[in-house]
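Undergrad: Sharing a structure, written as structure tokens. Questions coming.
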Amino acid sequence: MKPVVVSGGKPPQPEWLRRLLGEDFFHEVAFLWFSGHQATRTSAGLHVRYAALMDAGLEHLQDLPQLQALGLGGTPIRDAGLQHLERSSQLRSLDLAETQVTDAGLKYLVALNQLEVLALERTQITDSGLEHLRGLTRLKTLYLQGLPITDAGLKYFVGLRQLRFLWLDKTQVTDAGLEHVKGLTSLQLLFLSRTQVTDAGLEYLKGLPGLVDLSLEGTQVSDAGMVHLKG
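Residue numbering for the sequence shown follows my numbering, beginning at 94 and increasing consecutively.
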């Protein structure tokens, strides 16, 4: 299936798109992006570009039973809109970056136990909201940069043993928070740029055998701290 990009002055409605694409098209849709930014092309899927998408518009996701990836980054979606995701049990990738989502909205993600990629950067999520992620044990990629989260929020990650890529840059994480990361032995990439991490915190990372990409720009880490990562 070739990628389809739909944009225009009216909200995307399934009835309208059915007339354009055919009644059976939606049973095969696996990828859907609503974005205020330029749509990104991929090898398959449906890309709908509409910057003014409202929460009520997500009600029509129930017509997409095979939806695996949903991009809402840069749209004005709020917590109320996320309630329509509870039945999207096949979702594996969800982009909520730069939306109006708060801690309360994340409770609607609890049922998405197939989720592997979640982007929450530059939203209003705090430590309290991260508790709703503790049961998403298939998560492999998590974007949290720019959030006001602290060490306390990282305690909810201890069960995310499949996590491979974690962005914590520009958060309030310190050395103490990295103690909750030390058991995530599948980690391959960890971004800690512009956090309060110091040399002492790197000791918690020495037990991560697969870690190959560690970003520490703008931290207080010195050459002395890098000793913890050797061998």
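The C-beta atom is built at its ideal place from N, Cα and C for all residues, glycine as well. All figures in this text were calculated on a predicted structure; none of them were measured in a lab.
Quick one: Cα of L232 to Cα of A212, how far?
TA: As a position in the sequence shown, residue 232 is number 139, starting the count at 1. As a position in the sequence shown, residue 212 is number 119, starting the count at 1. Distance between the alpha carbons of L232 and A212: 11 Å.
Undergrad: Measuring CB to CB, does G311 end up less than 9 Å from S286?
TA: For the purposes of this step, residue 311 is taken as residue 218 along the sequence shown, with counting starting at 1. For the purposes of this step, residue 286 is taken as residue 193 along the sequence shown, with counting starting at 1. Yes. Within cutoff.
Undergrad: Is V203 closer than 9 Å to S186 when the C-beta atoms are compared?
TA: Position 93 of the sequence shown, counted from the first residue, corresponds to residue 186. Position 110 of the sequence shown, counted from the first residue, corresponds to residue 203. Not in contact: S186 and V203 (Cβ atoms no closer than 9 Å).
Undergrad: List the whole-angstrom C-beta distance separating L282 from R257, where the pair is believed to meet the contact cut-off of C-beta under 8 Å.
TA: As a working mapping, residue 282 is identified with position 189 in the sequence shown. As a working mapping, residue 257 is identified with position 164 in the sequence shown. The pair is a contact, with the Cβ atoms about 7 Å apart (cut-off 8 Å).
Undergrad: Among V290, F250 and L280, whose alpha-carbon lies nearest the alpha-carbon of T264?
TA: The residue you call residue 264 lines up with position 171 of the sequence shown. Among V290, F250 and L280, the Cα nearest to that of T264 belongs to V290.
Undergrad: For V210, which beta-bridge partners are listed by DSSP?
TA: In the sequence shown, the residue the question calls residue 210 occupies position 117. Beta-bridge pairing links V210 to S186 and T234.
Undergrad: Could you have a look at G129 and say whether DSSP puts it in helix, strand or coil?
TA: Locating residue 129 in the sequence shown gives position 36, counting from the first residue. For G129, the predicted model reports a pLDDT of 46, less than 50, meaning its position is unreliable; a value from the coordinates is still stated below. It is coil, neither helix nor strand.
Undergrad: Is it right to say D188 is buried, meaning 16 or more other beta carbons lie within 10 angstroms of its own, or is it exposed?
TA: Indexing the sequence shown from 1 puts residue 188 at position 95. Burial call: buried.
Undergrad: Whose C-beta lies closer than 7 Å to the C-beta of G102 among residues of the same chain, with five residues either side of it excluded?
TA: As a first step, residue 102 is located in the sequence shown; it is residue number 9 there, counting from the start. In this predicted model, G102 has a pLDDT of only 37, less than 50, meaning its place in the structure is not dependable; the value taken from the coordinates is given anyway. If we look at G102 and ignore the five residues flanking it on each side, it has no Cβ neighbours.
Undergrad: Does the Cβ-Cβ distance between L280 and L304 come in under 9 Å?
TA: Within the sequence shown, residue 280 is the residue found at index 187, counting from 1. Within the sequence shown, residue 304 is the residue found at index 211, counting from 1. Closer than 9 Å, so yes.
Undergrad: For the beta strand (DSSP E) holding L295, just list the boundary residues, first then last.
TA: Position 202 of the sequence shown, counting from 1, holds the residue named residue 295. Taken as a continuous stretch (DSSP letters only), L295 belongs to no beta strand (DSSP E), as it is neither H nor E.
Undergrad: Using only the alpha-carbon positions, how far apart do L208 and L160 sit?
TA: Locating residue 208 in the sequence shown gives position 115, counting from the first residue. Locating residue 160 in the sequence shown gives position 67, counting from the first residue. Taking the straight line from one Cα to the other gives about 12 Å.
Undergrad: Tell me whether S308 sits in a helix, a strand or coil according to DSSP, three-state version.
TA: As a first step, residue 308 must be located in the sequence shown, where it is residue number 215. Strand, per DSSP.
Undergrad: Would you report the Cα separation of D236 and L309, rounded to the nearest angstrom?
TA: On the sequence shown, position 143 is the one that residue 236 refers to. On the sequence shown, position 216 is the one that residue 309 refers to. The sequence as given places Tyr at residue 236; Asp does not occur at that position. Cα to Cα, Y236 sits roughly 16 Å from L309.
Undergrad: By Cβ distance, which residues of its chain are closer than 8 Å to G252, with the 5 residues on each side in sequence left out?
TA: For the purposes of this step, residue 252 is taken as the residue at position 159 of the sequence shown. Counting only Cβ-Cβ distances below 8 Å, and skipping sequence neighbours, we find R227, G228 and T230.
Undergrad: Does DSSP put A162 in a helix, a strand or coil?
TA: On the sequence shown, residue 162 is found 69 positions in, with the first residue counted as 1. Here A162 sits in strand by DSSP.
Undergrad: Have a look at K323, D292, M319 and L301 and flag the residue whose alpha-carbon is nearest the alpha-carbon of Q313.
TA: Locating residue 313 in the sequence shown gives position 220, counting from the first residue. The shortest C-alpha separation from Q313 is found at D292.
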